[in-house]
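Numbering follows numbering that gives the first Met the number 0, with no gaps: position 32 of the sequence shown is 31. Just so it is clear, CB atoms sit at the ideal spot from N, CA and C, and this is done for glycine as well. Before any comments, here is the structure.
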Amino acid sequence: MAVGAGIAVIGFLLAVGLQRLQTEPRSLWSRAGTLIVLAAGASSAVLLWGGITSFIDISRLAFDHPPPGTLVDVGGYHMHVLVEGDAGDGPTVIWIPGGHGQGLALYHLHAAIRDETRSILFDRPGTGWSDPG
0 MAVGAGIAVI
10 GFLLAVGLQR
20 LQTEPRSLWS
30 RAGTLIVLAA
40 GASSAVLLWG
50 GITSFIDISR
60 LAFDHPPPGT
70 LVDVGGYHMH
80 VLVEGDAGDG
90 PTVIWIPGGH
100 GQGLALYHLH
110 AAIRDETRSI
120 LFDRPGTGWS
130 DPG
């Protein structure tokens, strides 16, 4: 829907600019206005093209790299959680990433102990594969 509206606005700006070029400009201000309208239409087209290609690239990356764990519903949001190993009688280790880092930043630690105990690694909201919260 937004792409269609963007294309309509770009088409309108370019049509107005081209129509103004066909008529005889009478003053410097009229010429400047025509150039501004054409520049706005052209830059809008470039920005729209960049947005569309970025969306396609991000969608392709998300498809090529699914989350290694599961997405758990937490109050209507999906949180990525990777649980591996068997705790047996031992403790369960929960890795909490600091700052705004994703859980996979601690994957090397998780992988080192998952054969010895239960290890839980998660992505904070808005990082990794978790939804923004």
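In the structure shown, Trp94 falls within a strand segment according to DSSP collapsed to helix, strand and coil. By the Cβ criterion, the stretch 71 to 91 is in contact with the stretch 106 to 124, since at least three pairs of Cβ atoms, one from each stretch, lie closer than 8 Å. Shown here, Asp130 sits in coil according to DSSP, grouped into three states, outside any helix or strand. In the structure shown, His77 falls within a strand segment according to DSSP collapsed to helix, strand and coil. Counting C-beta atoms within 10 angstroms of its own C-beta, Gly127 has 16 or more neighbours from the protein chains shown and is therefore classed as buried. The beta carbons of Leu12 and Ser43 sit about 6 Å from each other, so the pair counts as a contact at 8 Å.
Within 10 angstroms of the beta-carbon of Ile119 lie 16 or more other beta-carbons, which makes it buried. Nearest to Pro90 by C-alpha distance, out of Ala41, Met78 and Glu115, is Glu115.
Contact between Gly5 and Leu60 fails: their C-beta atoms lie close to 23 Å from each other, not under 8 Å.
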